[in-house]
Amino acid sequence: MRVLTIANLKGGSAKTTTAAFLSHALHERGRRVVLVDADPQGSAMRWHGLADWPVPVLGLASTALHRQLWGIIDPARWDTVVIDTPPLEERDGIVAAALRVATDVLVPIAPTMMELDRVGPVFKAMEDAAGHRDEDPSVAVLLTRTVAHATSTETVREILEGHGRRVLYATVPRLERYAQAFGAGIPAHDVSYGTAAEELLGGWGP
Numbered sequence: 286m287r288v289l290t291i292a293n294l295k296g297g298s299a300k301t302t303t304a305a306f307l308s309h310a311l312h313e314r315g316r317r318v319v320l321v322d323a324d325p326q327g328s329a330m331r332w333h334g335l336a337d338w339p340v341p342v343l344g345l346a347s348t349a350l351h352r353q354l355w356g357i358i359d360p361a362r363w364d365t366v367v368i369d370t371p372p373l374e375e376r377d378g379i380v381a382a383a384l385r386v387a388t389d390v391l392v393p394i395a396p397t398m399m400e401l402d403r404v405g406p407v408f409k410a411m412e413d414a415a416g417h418r419d420e421d422p423s424v425a426v427l428l429t430r431t432v433a434h435a436t437s438t439e440t441v442r443e444i445l446e447g448h449g450r451r452v453l454y455a456t457v458p459r460l461e462r463y464a465q466a467f468g469a470g471i472p473a474h475d476v477s478y479g480t481a482a483e484e485l486l487g488g489w490g491p
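Residue numbers (our numbering): 286 to 491.
In structure tokens:
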């Protein structure tokens, strides 16, 4: 069972969009995926209710998520759980619980100096969660809202990698189809999130 927690410090960082598109990309690649909406705002739940998704969504916005998850998830039915979390700065208890249960953590950020400055608390929260788990999760950064031919993408990538952080090769461009995706069905075979899914799957095994 893989548990992929999507986390960031603030709202508006493409967490829910990433959780939704990545869940569908993993589903298209044969994973049995369920998306858990751990954000009290319930954006993923509302989106699911407005659109026709092949991936089910369950709500669990709880600081006890790390214990309660296994009461609603049947490992015989699902092999992948994607958790959409609230902003760390607003609901750190929920995010901490989601990090405790994660086998994998993905941090979506735009390639700006401001967002780069905000990832520190997320990595600190992961370190704090380490004392409550047997193994550390696999952690990666996904660069979102990138601009073609802009130097910012590679600049931020180099800074993160220089600090020992894994940055996915895949990037998600700043496009209207992502900015306006809420409430609509997820397009099949999305290239950007599909590439990200394949990178993650490469380290998961069967």
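Note that beta-carbon positions come from the ideal geometry of N, C-alpha and C, so glycine has one too. Given the structure is predicted, the values throughout are model-derived calculations rather than measurements.
I471 is classed as buried because its beta carbon has at least 16 other beta carbons within 10 Å across all chains shown. For A387, the secondary structure class from DSSP, reduced to helix, strand or coil, is coil. Per the coordinates, the alpha-carbon of V476 lies some 23 Å from the alpha-carbon of T440.
Shown here, P406 sits in a helix according to DSSP, grouped into three states. Shown here, I357 sits in a helix according to DSSP, grouped into three states. Contact annotation: H333 and P341 have beta-carbon atoms nearer than 9 Å. For the segment 316-340, the full-length alpha helix (DSSP H) segments reaching 4 residues or more read 328-335 along the chain. Contact between I379 and A346 holds: CB atoms are separated by about 6 Å, below the 8 Å threshold. By the C-beta density criterion, A292 is buried, having at least 16 other C-beta atoms within 10 angstroms. Taking 8 Å as the upper bound for CB-CB distance, T431 and P396 are in contact here, some 6 Å apart.
For G344, the pairing in a beta bridge is given by DSSP as D322. Just so you know, the alpha carbons of A381 and V318 end up roughly 22 Å apart.
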